[in-house]
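Student: In UniProt numbering, the protein residues as written are 1 to 427. Even for Gly, the Cβ is constructed at its ideal location relative to N, Cα and C. What you are looking at is a predicted structure, and each value in this text was computed from that prediction instead of being measured. Have a look at the structure that comes next, please.
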C-alpha cells in the first residue's frame, strides 16, 4: 500500500481546491471578478477601467456569453458588468445577482468607451490586471495569475494593500503540490479512502451539473448538440453519456445562469468529467458510494493530466476531462488498475490533438467527440485491447504517456496557441 495518510490528505485538499462552483464560463467570470474586486477596493464612483490580459483569457472570453447579460460577449462586457453589477465576495459566482439597472448602466458605459483592453505580455497563460479609475486621479488595481481567483496584488492610489510572490512560469505554485498525483495512488485513494471530507463537494457536483445538463437538453441553447445526439443517435447509454455532457455545455456557453461545479478551472471540464460517469452509474445500478468514488477518481485523473498542461492551453481540456470520465466508467464496470490505464492510453491515443480555439457554444461538440473517444477507449480496455507503446505519443507506462501529453499541451502547442489567437482577433 503506497498511499500514505499525508498523501490521502493532499488528494482530498486537491479535490476541495478544484471542485468549486462557478456561474458561466470561467474566463469571462474571472474578468468580471477581478473588475468587481478593483471597484470594491476603489470605494467610489469609477470613470473607467483598463483590463490587461494574457492572450488565453482574450481567446476564451471572445465567444462565450457573459451570464446575466442577455447575450453580451467579450472582455469589455465582462469587465463593465463586473464593475457595475458584480459582487466580488462571491468570487466565481460574481454575476449571480446582476440587476436590470446594473446591466443597463454597464451597457451604456461600454458604449461610452468605459473599458480599455490591452494584451499583457506574460509567460502565464492566465493573467489579468484590472485597474479602475475615478475623478481626482484615484485608482485601484487588482492582479490575478494562474488560477481564476488567485489575487497576487491589490493596489490603491500608489499603496500596496496586498501582495504575495508568484512565479509566472509555474501555475502549480498557487495550489497544493500536484507532483504527488499518479494513477495508481489516485485509484487507491478513490477505492479505499474515507471520502467523508470530500463527499459534500462531490454531491454538489452531481446536483449542479445534472441540473444544467437537463436544462440544456430541454431548452434551445447554442447549437443544441446534446439534444441532437439523442434525436439522431438513439437512447443507448453511450449516447446519453455524451449528450449529458454536451447539453451542459450547450447551456453554459450560451449564458445559462445555473452554476456548475468545475474541474481544473473549467466548467466544461467539470461537466465532462462528471456527467458521463453519473449516467453510467445510473445505468449500471451501482451504489451511491460507488458513484462518489468514481467521481473522485475521474476528477483527480483529469487534474493529474492538466497539471503539466496548465490551466489554459491550445490543448482542448475536454480531452483530459473525458479521459478521466472514461477511466471512471471502467472502474464502475469492475475494471482493474491495468484496464483503467488502458482506458486512458486508448483515449489519449485518439483525440489528444484536439485544439482549443476559445470558449464558445461549439465546445459542446468537442466534448461529445472527446467523451465518444473515452467510451471507445473504455470498451477496448474491457476487452484488453490497447494502442501499443511507440504508437505516436503512447509510451511504455501510463505516467510517461501523461508526461508526453503534458509536454505536447504546454510546450508543443505554444505556437499553435499564438496563431489561434492572432486568427481570432483578426491580426
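In the DSSP assignment, find the unbroken beta strand (DSSP E) run with residue 127 in it and report its ends.
Tutor: Run containing residue 127: 127-133, per the beta strand (DSSP E) assignment.
Student: Using 8 angstroms as the threshold, is the C-beta distance between residue 314 and residue 413 below it?
Tutor: Result yes, Cβ atoms of residue 314 and residue 413 sit closer than 8 angstroms.
Student: For residue 275 and residue 234, I'd like the C-alpha separation in whole angstroms.
Tutor: Rounded to whole angstroms, residue 275 to residue 234 spans 18 angstroms at the Cα level.
Student: Do you know whose CA, among 177, 144 and 181, lies nearest residue 165's CA?
Tutor: If we check each option's Cα against that of residue 165, 144 comes out closest.
Student: Give me, in chain order, the residues of the same chain whose beta-carbon lies closer than 7 angstroms to that of residue 154; leave out the 5 immediate sequence neighbours on both sides.
Tutor: Once the five neighbours on either side are set aside, the close Cβ partners of residue 154 are 41, 142, 161 and 162.
Student: Should residue 378 be labelled buried (16 or more other beta-carbon atoms within 10 Å of its own) or exposed?
Tutor: Buried, by the Cβ-count rule.
Student: Considering only the alpha carbon of each residue, which of 97, 50, 39 and 4 lies closest to residue 24?
Tutor: Checked all of 97, 50, 39 and 4; the closest Cα to residue 24 is 97.
Student: Does the distance from the CB of residue 215 to the CB of residue 251 come in under 8 angstroms?
Tutor: Closer than 8 angstroms, so yes.
Student: Could you tell me which whole alpha helix (DSSP H) segments of length 4 or greater appear in the segment 24-90?
Tutor: The qualifying runs are 26-42, 55-62 and 75-85.
Student: Could you pull the start and end residues of the beta strand (DSSP E) that residue 139 belongs to?
Tutor: Where residue 139 is concerned, the enclosing beta strand (DSSP E) stretches over 139-145.
Student: Please report the residue range of the beta strand (DSSP E) in which residue 160 lies.
Tutor: Start and end: 159-163.
Student: Please classify residue 256: does DSSP put it in a helix, a strand, or coil?
Tutor: It is coil, neither helix nor strand.
Student: In whole angstroms, what separates the C-alpha of residue 401 from that of residue 133?
Tutor: Going from the Cα of residue 401 to the Cα of residue 133 covers about 49 angstroms.
Student: Within a Cβ cutoff of 7 angstroms, which residues of the same chain sit near residue 416, ignoring the five residues on either side of it in sequence?
Tutor: Answer for residue 416: 314 and 355, listed in chain order.
Student: Flag this pair as touching only if the segment 237-249 and the segment 301-311 have three or more C-beta atom pairs under 8 angstroms; answer yes or no.
Tutor: Flag = no, the segment 237-249 and the segment 301-311 do not touch.
Student: Once you ignore the five residues that flank residue 308 on each side, which residues in its own chain have a CB closer than 8 angstroms to its CB?
Tutor: Result list for residue 308: 402, 403, 405, 406, 407, 409 and 410, in chain order.
Student: Is it buried or exposed for residue 76, if we count other Cβ within 10 angstroms and need 16 for buried?
Tutor: So residue 76 counts as buried.
Student: Classify residue 385 as helix, strand or coil using the three-state DSSP reduction.
Tutor: In this structure, residue 385 counts as coil in the three-state DSSP scheme.
Student: Which of the three DSSP states, helix, strand or coil, is assigned to residue 391?
Tutor: Of the three classes helix, strand and coil, the one that applies to residue 391 here is coil, per DSSP.
Student: Are residue 106 and residue 35 close, meaning C-beta to C-beta below 8 angstroms?
Tutor: No, these two residues do not count as a Cβ contact at 8 angstroms.
Student: Would residue 306 be called buried (16 or more neighbouring beta carbons within 10 Å of its own) or exposed?
Tutor: Buried: at least 16 other Cβ atoms inside 10 Å.
Student: Where do the N-terminal and C-terminal ends of the beta strand (DSSP E) with residue 282 fall, by residue?
Tutor: Premise fails: residue 282 lies in the alpha helix (DSSP H), 267-284, not in any beta strand (DSSP E).
Student: What is the rounded straight-line gap between the Cα of residue 229 and the Cα of residue 243?
Tutor: Their Cα atoms are separated by approximately 6 angstroms.
Student: State the Cα-Cα distance for the pair residue 396 and residue 31, rounded to the nearest angstrom.
Tutor: Cα-Cα distance, rounded: 42 angstroms.
Student: Label residue 249 either buried or exposed according to how many other C-beta atoms from any shown protein chain fall within 10 Å of its C-beta, with 16 as the threshold for buried.
Tutor: Buried is the call here.
Student: In whole angstroms, what is the alpha-carbon distance linking residue 255 and residue 19?
Tutor: So the alpha carbons of these two residues sit roughly 21 angstroms apart.
Student: Give me the Cβ distance between residue 351 and residue 369, rounded to the nearest whole Å; I'm assuming they're in contact under 8 angstroms.
Tutor: That pair is a contact at about 7 angstroms.
Student: Using DSSP with H/G/I as helix, E/B as strand and the rest coil, what is residue 22?
Tutor: Correct three-state label for residue 22: strand.
Student: With a cut-off of 8 angstroms on the beta carbons, I'd call residue 344 and residue 316 a contact; round off their distance for me.
Tutor: With 8 angstroms as the limit, residue 344 and residue 316 do not qualify as a contact, their Cβ atoms being about 16 angstroms apart.
Student: Ignoring anything shorter than 4 residues or poking outside the segment 282-369, list the alpha helix (DSSP H) runs there in chain order.
Tutor: As far as the segment 282-369 is concerned, its whole alpha helix (DSSP H) runs of at least 4 residues are 288-309, 317-332 and 337-351.
Student: Considering only residues of the same chain and omitting the five flanking positions on each side of residue 157, which have a CB-CB separation below 7 angstroms?
Tutor: Within the same chain, residue 157 has close Cβ partners 138 and 139.
Student: Counting beta carbon pairs with one atom in the segment 322-337 and one in the segment 372-392, are three or more of them shorter than 8 angstroms?
Tutor: Yes, the segment 372-392 touches the segment 322-337.
Student: Compute the Euclidean distance between the alpha carbons of residue 446 and residue 94, then round it to the nearest angstrom.
Tutor: Any property of residue 446 remains undetermined from this structure, which presents the chain solely from 1 to 427.
Student: Residues in its own chain within less than 6 angstroms of residue 48 by CB, not counting five upstream and five downstream?
Tutor: Around residue 48: 114 and 133.
Student: In terms of residue numbering, what span does the beta strand (DSSP E) encompassing residue 155 cover?
Tutor: Taken as a continuous stretch (DSSP letters only), the beta strand (DSSP E) holding residue 155 covers 151-156.
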